[in-house]
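Residue numbers (the UniProt record's numbering): 1 to 335.
This is the structure:
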């Protein structure tokens with residue numbers, strides 16, 4: 001439709017040029033200049049047509065300009081803070097946790113006012129409602145580009161400020177504490193952590209081929225995790241292609257390379273409780289997707305296995321369930 005209009009405008013310009021050409025010849029102007037005039041008039045008319053049919057663009061859209069009066073931060077957040085349950089249901093965290101997190105991130109995400117417009121306040125920047133961009137665009141009355149910058153800025157600030165507090169370095173003392181908790185809660189000694197991966201669904205990447213296409217027939221990236229018996233993340237990596245197996249992701253991880261090189265601060269092998277002769281190394285535990293090695297322990301496979309192997313598989317399953325619980329807690333919080 002737009003192309004037809006442009007062609008119609010060009011034909012009208014051409015007719016107008018022919019009229020001007022005849023007038024120029026009647027007035028004694030050289031005919032050699034008329035083709036140039038015709039092209040110029042055609043381009044000029046075409047440019048006017050495009051300008052007239054161009055969509056109206058705003059410096060600030062009327063919906064966005066009324067953010068300080070009608071935005072969800074002004075109309076909704078104040079009422080949510082009056083009810084602890086509603087606030088928790090909307091933001092997936094308590095008021096105390098929200099205020100504590102905001103206090104830690106405020107200096108990092110705070111912007112500066114300019115002569116053109118005011119910056120978005122830190123309390124308004126933190127959007128933890130796990131809504132879609134289209135929903136937040138109209139609810140908080142912010143542009144989609146602004147929302148993308150805000151969310152990217154907040155995520156970087158969370159990683160920068162809370163990294164050392166929430167994911168401290170893995171020292172020898174911490175490995176020993178993990179082993180003690182696993183032995184107490186799951187009756188599995190010398191266990192450093194449980195391994196597993198989770199597929200995070202993504203939009204099909206452009207020109208991505210089948211790199212992120214997995215066995216579930218969806219496109220995804222993998223969140224690989226090492227969890228302790230308290231359902232806490234000890235180590236994680238995200239971004240591996242969905243087609244890759246958990247075992248391959250683990251062997252390509254930085255933690256595995258540190259373990260193989262002896263730089264992971266893992267304690268030396270020690271005898272099991274009640275024994276003094278043989279020693280058992282500290283290992284990670286995983287499911288059948290992982291290969292058996294000196295650093296990874298997996299369950300015995302097969303249908304007809306001995307009673308002792310069945311007991312061992314049961315104990316290992318009890319210890320491995322903590323990483324599944326960690327993923328469940330993460331998913332329940334909106335991921």
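Each residue gets a CB set at the ideal place from its N, CA and C atoms; glycine is no exception.
Remember, it's a predicted structure, so these values are computed and weren't measured experimentally.
Taking C-alpha atoms, which residue in 232, 266, 194, 302 lies nearest to residue 165? Indexing the chain shown from 1 puts residue 165 at position 165. Minimum Cα distance to residue 165 is reached at 232.
Neighbourhood of residue 267 by C-beta, 8 Å cutoff - its chain only, sequence neighbours within 5 removed: In the chain shown, the residue the question calls residue 267 occupies position 267. Within the same chain, residue 267 has close Cβ partners 172, 175, 176, 179, 282.
Around the C-beta of residue 368, are 16 or more other C-beta atoms found within 10 angstroms, so that it is buried, or is it exposed? Since the first and last residues shown for the chain are 1 and 335, residue 368 lies out of range.
Can you give, in chain order, each stretch of the alpha helix (DSSP H) that sits fully within the region 220–254 and has at least 4 residues? 246–251
Report the start-end ranges of each alpha helix (DSSP H) in the region 146–201 that is 4 residues or longer and not cut off at the edges. 172–186
Nearest by alpha-carbon distance to residue 183: which of 324, 296, 320, 328 is it? On the chain shown, residue 183 is found 183 positions in, with the first residue counted as 1. That would be 320, whose Cα lies nearest to the Cα of residue 183.
Figure out for me which residue from 188, 251, 157 has the closest Cα to the Cα of residue 110. As a first step, residue 110 must be located in the chain shown, where it is residue number 110. The residue with the shortest Cα to Cα distance from residue 110 is 157.
Applying the 10 Å Cβ sphere with the 16-neighbour rule, what's the burial state of residue 86? Translated into positions along the chain shown, residue 86 becomes position 86. Under this definition residue 86 is an exposed residue.
Among the residues of its own chain, which have a CB less than 6 Å from the CB of residue 299, if the five just before and after it don't count? Numbered from its first residue, the chain shown carries residue 299 at position 299. Once the five neighbours on either side are set aside, the close Cβ partners of residue 299 are 313, 316.
How is residue 81 classed by DSSP in three states: helix, strand or coil? Position 81 of the chain shown, counted from the first residue, corresponds to residue 81. Residue 81 falls in the coil class under three-state DSSP.
Please return the same chain residues whose Cβ sits closer than 6 Å to the Cβ of residue 218, not counting the five positions on each side in sequence. Within the chain shown, residue 218 is the residue found at index 218, counting from 1. Taken in chain order, the residues that qualify are 201.
Could you name the residues of the same chain whose beta carbon sits closer than 6 Å to that of residue 256, not counting the 5 residues immediately before and after it, in chain order? Here residue 256 is taken as the residue at index 256 of the chain shown, counted from 1. Excluding positions up to five away in sequence, the list reads 250.
Three-state class that DSSP yields for residue 270 in the structure shown: Residue 270 sits at position 270 when you count from the first residue of the chain shown. The answer is strand: DSSP assigns residue 270 an E or B state.
Label residue 215 either buried or exposed according to how many other C-beta atoms from any shown protein chain fall within 10 Å of its C-beta, with 16 as the threshold for buried. Within the chain shown, numbered from 1, the residue matching residue 215 stands at position 215. Exposed: under 16 other Cβ atoms inside 10 Å.
Do residue 161 and residue 195 come within 7 Å of each other at the CB atom, strictly closer than that value? As a first step, residue 195 must be located in the chain shown, where it is residue number 195. As a first step, residue 161 must be located in the chain shown, where it is residue number 161. For residue 195 and residue 161, no; Cβs fall outside 7 Å.
Give the single residue among 92, 103, 136 whose Cα lies nearest to the Cα of residue 73. Within the chain shown, the letter at position 73 stands for residue 73. If we check each option's Cα against that of residue 73, 136 comes out closest.
Rounding to the nearest angstrom, what Cα-Cα distance links residue 222 and residue 241 in this structure? Position 222 of the chain shown, counted from the start, is the residue given in the question as residue 222. Position 241 of the chain shown, counted from the start, is the residue given in the question as residue 241. The straight-line gap from Cα to Cα measures roughly 6 Å.
Considering just the uninterrupted stretch of the beta strand (DSSP E) at residue 98, what are its terminal residues? Looking up residue 98 in the chain shown gives position 98. No beta strand (DSSP E) holds residue 98; the alpha helix (DSSP H) holding it covers 95–109.
Applying the criterion that 16 or more other CB atoms from any shown protein chain within 10 Å of the CB defines a buried residue, is residue 226 buried or exposed? Translated into positions along the chain shown, residue 226 becomes position 226. Result: buried.
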